[in-house]
Structures are given as C-alpha cells and as structure tokens.
Amino acid sequence: MESSDDPELQLLLFGLFLSMYLVTVFGILLIILAISSDSHLHTPMYFFLSSLSLADIFFMSTTVPKMIMDIQIHSRVISYVGCLKQMSLFAIFA
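Per our numbering, residue 482 is the first one in the sequence shown, and the count goes up by one each step.
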C-alpha cells in the first residue's frame, strides 16, 4: 500500500488500521467465547465456525501488525527473512 509522506495522513492510517484490527480480533474472540460457553452450541457446525474464526485471527495476525508498524515507522520495505516468515506462517495456518 502506497502511503503519503504526510505525517497527519500516516497518523490517521495508523489509528484506522489499528482500531479495525483490534475490533475485528475482539469480535472474533467474542464469537469463540460465545460458542465455547454455551453447551447447546457444541455441534459440528459451531465447531467449524470456531475453527474458522481462529484461523481468521491467525491470518490477520500474520500481516496486519507488520503493516501497522511500518506505517508508524515510515517504512515501505520488508526484508527477505521477514517475507519468508510471513509466507511460512500463512502456509502453516492454511
């Protein structure tokens, strides 16, 4: 993603992406908590919903924190090792 050199825009993007990430993670955790706390929801359909929700958290947590950090430190590159780590985590979580 190409971001501007404008510090105000970068601060806005940082806050926007961080808040969207946190809201999404907490929402998914609420889904998992609701399913695990109600014994009537211990059916295969809800088991798979919990599994997919957990996979969603893992996939998001592979790339989004790096992107948020890059916005904050004004970096637009990723190292070869960092790229390999992200690709490996994506493959593991898939």
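Beta carbons are placed, not taken as given, at the ideal position from N, Cα and C, and that holds for glycine.
Rounded separation between residue i and residue j - CA only
| i | j | result |
| --- | --- | --- |
| Tyr561 | Ser518 | 42 Å |
| Gly508 | Leu570 | 22 Å |
| Phe495 | Ala572 | 27 Å |
| Gly563 | His521 | 43 Å |
| Leu493 | Ala515 | 33 Å |
| His523 | Asp537 | 20 Å |
C-beta contact flag for residue i and residue j at 8 Å
| i | j | result |
| --- | --- | --- |
| Phe539 | Phe574 | yes |
| Ser534 | Ile512 | yes |
| Met541 | Tyr502 | yes |
| Phe498 | Val545 | yes |
Exposure of residue i, with buried meaning 16 or more beta-carbon neighbours within 10 Å
| i | result |
| --- | --- |
| Ile552 | buried |
Nearest neighbour of residue i, chosen from the options [CA to CA]
| i | options | result |
| --- | --- | --- |
| Thr543 | Pro488, Val504, Thr524 and Leu565 | Leu565 |
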